[in-house]
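To convert, take the position in the sequence shown, counting from 1, and add 360; that gives the numbering used here.
A quick write-up on the structure given underneath.
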Amino acid sequence: MESFGPIASHYDVLMSGIPYDMWVGYCRLLFAHVGTDPDDLLDVCCGTGSAAELFAKDGFEITGFDLSEKMIAEAIRKSEESESDIEYTVADAAELDLGRKFDGAYSFFDSLNYITDLDRLHMAIERVGAHIKPGGWFIFDVNTAYAFEQQMFDQEDLRKASKIRYKWKADYNSDTKIVRVHMKFWRGKELIEETHVQRAHSEQEIIEGLDKAGFDEIHAFDSYTLDPPDGRSDRIHYAARKS
361 MESFGPIASH YDVLMSGIPY DMWVGYCRLL FAHVGTDPDD LLDVCCGTGS
411 AAELFAKDGF EITGFDLSEK MIAEAIRKSE ESESDIEYTV ADAAELDLGR
461 KFDGAYSFFD SLNYITDLDR LHMAIERVGA HIKPGGWFIF DVNTAYAFEQ
511 QMFDQEDLRK ASKIRYKWKA DYNSDTKIVR VHMKFWRGKE LIEETHVQRA
561 HSEQEIIEGL DKAGFDEIHA FDSYTLDPPD GRSDRIHYAA RKS
């Protein structure tokens with residue numbers, strides 16, 4: 361079953377409790393922490409554009425892309441409604457070629473975990489790096505193996521009052537580091553089913569990909585803090601500078 365396909369038109373309702381403003385604020389904190397002040401940003405795997413809308417509202421020039429045509433359709437619809445003038449396109453991160461460079465880039469909500477082939481992950485990092493001006497920074501987050509081991513994706517909300525009810529069950533393979541999340545959603549009487557697949561990329565694998573792509577300074581943070589990650593970090597944010 362397709363990821364971010366049938367659920368796309370309901371995604372913003374499902375994510376209505378997510379503090380996007382906090383995520384954007386934290387990203388801006390990391391940009392400030394590493395000493396950069398970008399004007400135009402590339403939103404990597406932008407989804408329905410909720411973060412992009414907030415950055416645009418704060419005066420940033422934003423270009424976003426995502427592999428899901430249906431998620432991009434939602435992002436375009438929102439941009440037209442808000443008149444935010446965000447440019448969106450459907451693209452595979454591992455094959456990205458937009459023909460321009462940006463002051464910086466960001467990626468939210470463990471998007472890179474969805475690239476489950478390590479070679480293609482490194483290709484994606486290289487292609488994003490190719491779109492960043494020298495001295496620009498790429499900020500992104502990933503879920504860790506610890507998060508999968510702790511069954512982070514085993515979730516449900518079956519309350520009748522919920523706009524979307526859901527039940528998720530995850531199967532994690534510690535050898536392959538792959539988790540398959542079988543998802544059921546109900547909106548009214550409509551049942552939507554999707555299976556999402558992620559891989560827990562190690563710090564070594566992430567740093568190797570960044571090194572290969574020409575990033576010359578790399579910082580890792582226990583997410584939402586400025587502290588280094590440890591063995592109990594369920595999400596890690598990285599900030600990497602393009603040489």
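All C-beta atoms in this analysis are idealised placements derived from N, C-alpha and C, irrespective of residue type, glycine included.
First and last residue of the uninterrupted beta strand (DSSP E) at residue i
i	result
Glu-413	Counting along the chain, Glu-413 falls outside any beta strand (DSSP E), though it belongs to the alpha helix (DSSP H) covering 410-417.
Gln-515	515-517
Arg-601	595-602
Ser-467	462-467
Tyr-380	Per DSSP, Tyr-380 belongs to no beta strand (DSSP E); it is in the alpha helix (DSSP H), 380-393.
Ala-507	Premise fails: Ala-507 lies in the alpha helix (DSSP H), 505-509, not in any beta strand (DSSP E).
Arg-668	Coverage of the chain is limited to positions 361 through 603, which leaves residue 668 absent and any answer about it impossible.
Gly-424	421-426
Leu-456	Note, Leu-456: premise wrong, no beta strand (DSSP E); not H, not E.
Arg-559	550-559
Residue closest to residue i, alpha-carbon to alpha-carbon, out of the options
i	options	result
Cys-406	Ile-436, Leu-390 and Gly-419	Ile-436
Asp-426	Glu-441, Glu-443 and Asp-457	Asp-457
Arg-547	Ile-538, Lys-527 and Ile-475	Lys-527
Asp-576	Arg-388, Phe-498, His-370 and Asp-445	Phe-498
Met-375	His-393, Ser-363, Glu-429 and Phe-469	Phe-469
Asp-400	Leu-389, Gly-409 and Thr-423	Thr-423
Val-571	Asp-397, Gly-365, Lys-537 and Arg-601	A small fix is needed here, since residue 571 is Asp in this sequence, not Val. Cα-wise, what sits closest to Asp-571 is Arg-601.
Glu-434	Ser-593, Asn-533 and Val-373	Val-373
Tyr-506	Arg-388, Thr-449 and Asp-594	Asp-594
Asp-479	Pro-379, Ile-566 and Val-539	Ile-566
Arg-525	Asp-531, Ile-538, Phe-508 and Lys-549	Lys-549
Leu-481	Val-404, Ser-583 and Asp-381	Val-404
Glu-486	Ala-454, Asp-587 and Gln-511	Ala-454
Gly-574	Ala-412, Glu-553, Met-512 and Val-488	Val-488
Asp-531	Ser-428, Gln-510 and Val-541	Val-541
Ser-444	Phe-513, Glu-421 and Gln-511	Glu-421
Asp-582	Phe-500, Thr-449 and Ile-367	Phe-500
Ala-368	Phe-545, Met-512, Glu-568 and Val-539	Phe-545
Assigned exposure category for residue i - 16 Cβ within 10 Å defines buried
i	result
Leu-414	buried
Pro-589	buried
Leu-402	buried
Val-502	buried
Gly-591	exposed
Pro-398	buried
Arg-519	exposed
Met-361	Bear in mind that a pLDDT of 48 at Met-361, under 50, signals an unreliable position, so the model cannot answer this.
Gly-395	exposed
Thr-555	exposed
Ser-603	exposed
Leu-586	exposed
Thr-536	exposed
His-597	buried
Ser-534	exposed
Gly-377	exposed
Ser-467	buried
Where the alpha helix (DSSP H) containing residue i begins and where it ends
i	result
Gly-489	478-490
Glu-440	429-442
Asp-571	563-572
Val-450	Note, Val-450: premise wrong, no alpha helix (DSSP H); beta strand (DSSP E) at 447-450.
Phe-545	Not the alpha helix (DSSP H): Phe-545 falls in the beta strand (DSSP E), residues 538-547.
Asp-372	371-374
Presumed contact (8 angstroms Cβ cut-off) between residue i and residue j, rounded CB distance
i	j	result
Ser-439	Gly-409	6 angstroms
Phe-508	Met-431	That belief does not hold up - the Cβ atoms of Phe-508 and Met-431 are roughly 23 angstroms apart, past 8 angstroms.
Val-384	Ala-411	6 angstroms
Ala-416	Ile-446	5 angstroms
Cβ-heavy atom distance, residue i to the ligand GDP, below 8 angstroms
i	result
Met-431	The ligand GDP is not part of the structure shown, which contains no ligands of any sort.
Q) Does the count of Cβ pairs from the stretch 462-473 and the stretch 559-579 closer than 8 angstroms reach three? A) Using a C-beta cut-off of 8 angstroms, the stretch 462-473 makes contact with the stretch 559-579, since at least three inter-stretch Cβ pairs fall below that distance.
Q. Are the stretch 491-511 and the stretch 460-468 in contact at 8 angstroms, needing three or more beta carbon pairs?
A. Short answer: they touch.
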